[in-house]
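Student: Residue numbers (the working numbering), protein chains in the order written: chain A, 27 to 166; chain B, 121 to 265.
No residue lacks a Cβ here, since even glycine has one placed at the ideal position from N, Cα and C.
(1) With the cut-off set at 8 Å, would you say residue 126 (chain A) and residue 60 (chain A) are in Cβ contact?
(2) Kindly indicate which residue of A:47, A:100, A:51, A:63 has the alpha-carbon position closest to the one of residue 236 (chain B).
(3) Cβ of residue 157 (chain A) less than 8 Å from any chain C Cβ?
(4) Tell me whether the beta-carbon of residue 130 (chain B) lies closer than 8 Å to the beta-carbon of residue 83 (chain A).
(5) According to the Cβ coordinates, are residue 231 (chain B) and residue 242 (chain B) closer than 8 Å?
(6) Measure the C-alpha to C-alpha separation of residue 197 (chain B) and residue 228 (chain B) and round it to an integer number of angstroms.
(7) Along the stretch 78–105 of chain A, what residues have a CB closer than 8 Å to any CB found in chain B?
(8) How many angstroms separate the CA atom of residue 105 (chain A) from the CA atom of residue 30 (chain A)?
(9) Step through the CB atoms of chain B and report whether any lies within less than 8 Å of the CB of residue 65 (chain A).
(10) I believe residue 224 (chain B) touches residue 102 (chain A) by the beta-carbon criterion, under 8 Å. Please report the beta-carbon distance rounded to the nearest angstrom.
(11) Where does residue 123 (chain B) sit, in a helix, a strand or coil, going by DSSP?
(12) How many Å lie between residue 151 (chain B) and residue 112 (chain A) at the Cα?
(13) Return the CA-CA distance between residue 205 (chain B) and residue 161 (chain B), expressed in angstroms with no decimal places.
(14) Would you check if the distance between the CB atom of residue 195 (chain B) and the CB atom of residue 54 (chain A) is smaller than 8 Å?
(15) For residue 152 (chain A), report the span of its alpha helix (DSSP H) as first-last.
(16) Is the Cβ of residue 183 (chain B) closer than 8 Å to any Cβ of chain A?
(17) Going straight from the alpha carbon of residue 81 (chain A) to that of residue 67 (chain A), what length do you get?
(18) Please classify residue 96 (chain A) as buried or exposed, where buried requires at least 16 neighbouring CB atoms within 10 angstroms.
(19) Below 6 Å CB to CB, which residues in the same chain sit around residue 187 (chain B) once its five sequence neighbours on both sides are set aside?
(20) Evaluate residue 162 (chain A) with the Cβ neighbour count: other Cβ atoms within 10 Å of its Cβ, from every protein chain shown; 16 or more gives buried, anything less gives exposed.
(21) List the residues of chain B whose Cβ lies closer than 7 Å to the Cβ of residue 128 (chain A), in chain order.
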């Protein structure tokens, strides 16, 4: 079980949205983790520097939040094989799909981009189906 | 302000949002997808909060500014087709997300928490991206081999 956290989740979501707006206003770029991560994988994108800085900030923030007394619930309820297999599929999928929940789900949907709406609908359906199969068909 | 300092701070806002929202926690993400079991609907609120701010904020930015502060122009993704590559890629991503409980935006900030599980997942994502990039080059330009 995990706690239902509507207020923290709304606040956290608003911060994710705020970072997308700030990245557009200041850098003119989409705050999609797929594009930002891909840009720092060799062969490097010509714009790898701001992306590396963004990634460093993203990694540092939860650490800093904990250091000032914030509590972050974290638990990985799947075996290592699922992390490896799932991660590999995530990498393949975001490359061909052109984005993940941050890029398509927040930035793309906020721009009412039809491809992003289709991508989000597709990955939500397959994620719901996958969890159902893993937990209630195979695991049930 | 320096461009890289700005990107670092904006990345920090993103990472904080991921941490506070619960997107950082694979157990919470998987419970969101488990309507038939231990359902936790919190992530609807993450999406709602993020979309509301981004929708209003983007409109404000595009209305008020001709160009971003640090760059000569806005770089918006070119309109791409809704084709098999987009839908198939998104479908495969969703399967991986449902298996692992992590997405790229959730996992990168989670690296800061220092668990080996996150590192394993991120390494697998990078491997997947590299393989996909290679495969796509071969598929698009088969004559280049």
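Tutor: For this structure:
(1) Translated into positions along the first chain, residue 126 (chain A) becomes position 100. Translated into positions along the first chain, residue 60 (chain A) becomes position 34. In contact: residue 126 (chain A) and residue 60 (chain A) (Cβ atoms closer than 8 Å).
(2) Start at 1 with the first residue of the second chain, and residue 236 (chain B) comes out as number 116. Residue 236 (chain B) has its Cα closest to that of A:100, out of A:47, A:100, A:51, A:63.
(3) Going by chain labels, chain C is absent from the structure shown, which instead holds the protein chains A and B.
(4) Working through the second chain from its first residue, we reach residue 130 (chain B) at position 10. Working through the first chain from its first residue, we reach residue 83 (chain A) at position 57. Closer than 8 Å, so yes.
(5) Residue numbering aside, residue 231 (chain B) sits at position 111 when the second chain is read from its first letter. Residue numbering aside, residue 242 (chain B) sits at position 122 when the second chain is read from its first letter. Yes, they are a contact pair.
(6) Here residue 197 (chain B) refers to the residue found at position 77 when the second chain is read from its first residue. Here residue 228 (chain B) refers to the residue found at position 108 when the second chain is read from its first residue. Spanning the two alpha carbons is a distance of roughly 22 Å.
(7) 79, 80, 81, 82, 83, 84, 85, 86, 87, 88, 89, 90, 91, 92, 96, 98, 99, 100, 101, 102, 103, 104
(8) Along the first chain, read from residue 1 onward, the residue named residue 105 (chain A) stands at position 79. Along the first chain, read from residue 1 onward, the residue named residue 30 (chain A) stands at position 4. The straight-line gap separating the alpha-carbon atoms of residue 105 (chain A) and residue 30 (chain A) is approximately 24 Å.
(9) Numbered from its first residue, the first chain carries residue 65 (chain A) at position 39. It does not: the Cβ of residue 65 (chain A) has no partner Cβ on chain B nearer than 8 Å.
(10) Start at 1 with the first residue of the second chain, and residue 224 (chain B) comes out as number 104. Start at 1 with the first residue of the first chain, and residue 102 (chain A) comes out as number 76. Not quite, the Cβ-Cβ distance comes to about 16 Å (not below 8 Å), so this is no contact.
(11) Position 3 of the second chain, counted from the first residue, corresponds to residue 123 (chain B). Correct three-state label for residue 123 (chain B): helix.
(12) Counted from its first residue, the second chain places residue 151 (chain B) at position 31. Counted from its first residue, the first chain places residue 112 (chain A) at position 86. Approximately 16 Å between the Cα atoms of the pair.
(13) Along the second chain, one-based indexing puts residue 205 (chain B) at 85. Along the second chain, one-based indexing puts residue 161 (chain B) at 41. Roughly 30 Å between the two C-alpha positions.
(14) Residue 195 (chain B) sits at position 75 when you count from the first residue of the second chain. Residue 54 (chain A) sits at position 28 when you count from the first residue of the first chain. Residue 54 (chain A) is positioned such that its CB atom lies closer than 8 Å to that of residue 195 (chain B).
(15) Counted from its first residue, the first chain places residue 152 (chain A) at position 126. Per DSSP, residue 152 (chain A) belongs to the alpha helix (DSSP H) from 140–158.
(16) Counting from 1 along the second chain, the entry for residue 183 (chain B) is found at position 63. Not one chain A Cβ lies under 8 Å of residue 183 (chain B).
(17) Indexing the first chain from 1 puts residue 81 (chain A) at position 55. Indexing the first chain from 1 puts residue 67 (chain A) at position 41. Going from the Cα of residue 81 (chain A) to the Cα of residue 67 (chain A) covers about 12 Å.
(18) By one-based count along the first chain, residue 96 (chain A) stands at place 70. Classification for residue 96 (chain A): exposed.
(19) For this step, residue 187 (chain B) is matched to residue 67 along the second chain. The answer, listed in chain order, is 193.
(20) As a first step, residue 162 (chain A) must be located in the first chain, where it is residue number 136. That one is exposed.
(21) Locating residue 128 (chain A) in the first chain gives position 102, counting from the first residue. Within chain B, the residues near residue 128 (chain A) are 225.
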